[in-house]
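Enquirer:
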Amino acid sequence: MQFRIEKKLKNGLGRAGVLETAHGVIKTPAFVAVGTKATVKSLNPEQVREAGVQVVLGNTYHLYLQPGDEIVKKAGGIGKFMNWEGPTMTDSGGFQVFSLGAAYGKDISKITKITDPSFLIPERFDDSDAPRLAKIGADGVSFKSHLDGSIHYITPEKSIQIQHNLGADIIFAFDECTSPTEDLKYQKEALERTHRWAERSLNEHKRLISERQNILERTLGRSDGDGQRKFSAENSRGESENILPEAAVKEAPLAGSLSPLASGALPLGPSACETPGDRTSFTAALFGIVQGGREKELRQESARVISSMDFDGFGIGGSFAKEDMSSAVKWVNEILPEEKPRHLLGIGEPEDLFMGVENGVDLFDCVLPTRLGRNGTLYTKNGKIIITNKIFREDFGPLDEGCGCYVCSVPEAPRYSRAYIAHLFRGKEMLAGTLASIHNLYFITHLVDDIRQSILDGNFSEFKRSFLEKYLI
RNA sequence: GCGUCGGUGGCAGAGUGGUCAAUUGCAACUGACUGUAAAUCAGUCGCCCUUCGGGCUACGUAGGUUCGAAUCCUACCCGGCGCA
0 MQFRIEKKLK NGLGRAGVLE TAHGVIKTPA FVAVGTKATV KSLNPEQVRE
50 AGVQVVLGNT YHLYLQPGDE IVKKAGGIGK FMNWEGPTMT DSGGFQVFSL
100 GAAYGKDISK ITKITDPSFL IPERFDDSDA PRLAKIGADG VSFKSHLDGS
150 IHYITPEKSI QIQHNLGADI IFAFDECTSP TEDLKYQKEA LERTHRWAER
200 SLNEHKRLIS ERQNILERTL GRSDGDGQRK FSAENSRGES ENILPEAAVK
250 EAPLAGSLSP LASGALPLGP SACETPGDRT SFTAALFGIV QGGREKELRQ
300 ESARVISSMD FDGFGIGGSF AKEDMSSAVK WVNEILPEEK PRHLLGIGEP
350 EDLFMGVENG VDLFDCVLPT RLGRNGTLYT KNGKIIITNK IFREDFGPLD
400 EGCGCYVCSV PEAPRYSRAY IAHLFRGKEM LAGTLASIHN LYFITHLVDD
450 IRQSILDGNF SEFKRSFLEK YLI
């Protein structure tokens, strides 16, 4: 993986750049579509690509439980498995420590409005009143499967091992996404834990890479080029568990280095993924995750500690109060090394995207476009609409006037109207969620693309103002 | 015509003397959703008053019994089924 910055904002930390992976180029800032279980819900990869998505993010916890990371590995990695030819990422399962732990069964989410009375009241978590599916143990987290109740202990090492099996281009360190309702003492403990886990994640990542390199070198007798080709030709996949995946043999780039495959390759070109085995951990980049809640000192400390480690990039995690988000991101990005990419985890409302970019974020992922879509809320340039509202029953206009997505603008007149989409939702038709997700994904990915372009064109501020003044009615 | 069963809020369908403006589901209306436990969840859903709460009108229609009726009785109207 290689990252280079093309242009920076004059005021602020924002930048436009290019991130090259073994499976294609990501123009940043970029919006990453969430495909937790190796599928962007309700969409096939062609629809995802057509919506403008450059990267898809899967989830370690979910794929480990189902179908199992070994199966994904056998399939040739998450991209091959799900038929997504572009770059992929996997989250470490750190978010599930929160969503299935402190937040389980409660009205706490990734973003809390500070007006919420329960916010900032430190809760005592006795497990009797709210059973958790995730409990933090001595050196990892015990998960009780939400699928069948089975117990699984995930350590940082385990998370990295799973992620290597899943074979994404960018993977994340195992962290603890803390609840904003935890008190300062807990936040400190959790942060130290996340830092220890970061180091262990990194060590395991390096260990796995060198282990495979050793196997490679032994197998090849330290030869290069030619020998590799021979080896590659002589072995077909699946013969032995110890055999190296083919692309590893072909390329064998080190983590953090640029694969020759990537240079000049189109993001989704047919050559991006030639064989089932060509997706390996050799090309994986590991991102460390900064936590620290809403405390400036903790955020800054975390940024310093995590950036002192040899990560390829960084994630910014945590459950925020909406009001705290921009300052937290800024504190962190002022410290993180400029030359490495930063991913703001789980963030994705339009106003948040502007905020993130302005404060130096290169990558975003968020479930909102697809989840809101499936639940009947659609993005428009004039704000979100709930398509099942009465007023849209006979509205035969497009979801969003002027939108270029498949749903809104099939060549000329024919396209799906608000009335039709509303009808699909009322009828509980599957197509409703699909069309709504296509539209929302297109809206968000293109918004981020437009933000990127505005940086390149030097008119970010104007674009931000003109967009938000319409959007935030 | 006789017999029989039944008529409950937009629909389906509970309730069968007081705790019933009436369980529940659907529909309808509104809202929520930020590294997906989510094609999910929540609220409203007879009318009026300002929330607590109070008032009014309601369980086919009209009477009646009772302190009190959606619930019991009588007549009528309507529907299903059976027999003529």
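For the first sequence, numbering that gives the first Met the number 0 begins at 0 and goes up steadily by one. Glycine included, C-beta positions come from ideal geometry on N, C-alpha and C. Predicted, not measured: the structure shown is a model, and the values here were computed from it.
If you draw a straight line from the alpha carbon of E122 to that of D182, how long is it in whole angstroms?
Expert: Position 123 of the first sequence, counted from the first residue, corresponds to residue 122. Position 183 of the first sequence, counted from the first residue, corresponds to residue 182. The predicted position of E122 is uncertain, since its pLDDT is 46 and thus under 50; a value taken from the coordinates is nonetheless stated next. Cα to Cα, the separation comes out at about 8 Å.
Enquirer: Counting Cβ pairs closer than 8 Å, one from the region 148 to 161 and one from the region 189 to 206, do we hit at least three?
Expert: Contact between the region 148 to 161 and the region 189 to 206 is present, because at least three Cβ pairs lie under 8 Å.
Enquirer: Give the single residue among Q290, R206, G359, S318 whose Cα lies nearest to the Cα of F173.
Expert: Within the first sequence, numbered from 1, the residue matching residue 173 stands at position 174. The shortest Cα separation from F173 among Q290, R206, G359, S318 belongs to Q290.
Enquirer: In this structure, does DSSP put R206 in helix, strand or coil?
Expert: Taking the first sequence and counting its residues from 1, the one referred to as residue 206 is at position 207. Of the three classes helix, strand and coil, the one that applies to R206 here is helix, per DSSP.
Enquirer: To the nearest angstrom, report how far apart F459 and G355 are at their CA atoms.
Expert: Locating residue 459 in the first sequence gives position 460, counting from the first residue. Locating residue 355 in the first sequence gives position 356, counting from the first residue. Taking the straight line from one Cα to the other gives about 13 Å.
Enquirer: Give me whichever residues DSSP pairs with C365 in a beta bridge.
Expert: For the purposes of this step, residue 365 is identified with residue 366 of the first sequence, where counting begins at 1. Paired residue(s): A32.
Enquirer: Would G67 and G78 be called neighbours here (beta carbons separated by less than 9 Å)?
Expert: Taking the first sequence and counting its residues from 1, one reaches residue 67 at position 68. Taking the first sequence and counting its residues from 1, one reaches residue 78 at position 79. No, Cβ-Cβ distance for G67 and G78 is not below 9 Å.
Enquirer: Out of T444, F319, E428, L362, which has the shortest C-alpha to C-alpha gap to S108?
Expert: As a working note, residue 108 is residue 109 in the first sequence. The shortest C-alpha separation from S108 is found at F319.
Enquirer: State the beta-bridge partners of M88 as determined by DSSP.
Expert: Locating residue 88 in the first sequence gives position 89, counting from the first residue. According to DSSP, which records beta bridges pairwise, M88 is partnered with L56, I169.
Enquirer: Inspect the CB distances between the region 372 to 381 and the region 435 to 443 and report whether three or more fall short of 8 Å.
Expert: Segments in contact, yes.
Enquirer: Under the three-state reduction of DSSP, which class applies to Q1: helix, strand or coil?
Expert: Within the first sequence, residue 1 is the residue found at index 2, counting from 1. If DSSP states are grouped into helix, strand and coil, Q1 belongs with the strands.
Enquirer: Are there 16 or more other CB atoms within 10 angstroms of the CB of L506, so buried, or fewer, so exposed?
Expert: This structure cannot settle anything about residue 506, because the visible part of the chain is limited to 0 through 472.
Enquirer: With DSSP collapsed to three states, give me the class of L42.
Expert: Mapped onto the first sequence, residue 42 falls at position 43. In the structure shown, L42 sits in coil (DSSP, three-state: anything other than H, G, I, E or B).
Enquirer: Buried or exposed for K9, please, with buried defined as at least 16 other CB atoms from any protein chain shown within 10 angstroms of its CB.
Expert: Working through the first sequence from its first residue, we reach residue 9 at position 10. Burial call: exposed.
Enquirer: Classify S262 as buried or exposed, calling it buried when 16 or more other Cβ atoms lie within 10 Å of its own Cβ.
Expert: Counting from one through the first sequence, the residue named residue 262 turns up at place 263. Caution is warranted here: a pLDDT of 36 is assigned to S262, below 50, making its placement in the model unreliable, and no coordinate value can be reported.
Enquirer: Is the closest heavy atom of the ligand FMN to the C-beta of I443 under 8 Å?
Expert: Although the ligand FMN was asked about, the structure shown includes no ligands whatsoever.
Enquirer: Which of helix, strand or coil does DSSP assign to R217?
Expert: For this step, residue 217 is matched to residue 218 along the first sequence. Residue state, collapsed to three classes: helix.
Enquirer: Quick one, which of G148, I390, G359, K134 has its alpha-carbon nearest K6's?
Expert: If you number the first sequence from 1, residue 6 lands on position 7. Comparing Cα positions, the closest option is G359.
Enquirer: Go ahead and label M429 buried or exposed: buried means 16 or more other beta carbons lie within 10 angstroms of its beta carbon, across all protein chains shown.
Expert: The residue given as residue 429 occupies position 430 in the first sequence. Exposed: under 16 other Cβ atoms inside 10 Å.
Enquirer: Going by C-alpha to C-alpha distance, which of G11, R414, G75, D364 sits closest to N476?
Expert: Coverage of the chain is limited to positions 0 through 472, which leaves residue 476 absent and any answer about it impossible.
Enquirer: Can you name, in chain order, every residue of its own chain whose Cβ lies under 6 Å from the Cβ of K306, other than the five neighbours on each side?
Expert: On the first sequence, residue 306 is found 307 positions in, with the first residue counted as 1. It is Ser, not Lys, that sits at residue 306 in the sequence shown. If we look at S306 and ignore the five residues flanking it on each side, its Cβ neighbours are L335, P336.
Enquirer: Going by DSSP, name the residue or residues bridged to Y152.
Expert: Here residue 152 is taken as the residue at index 153 of the first sequence, counted from 1. DSSP, once it has assigned bridges, lists S141 as partnering Y152.
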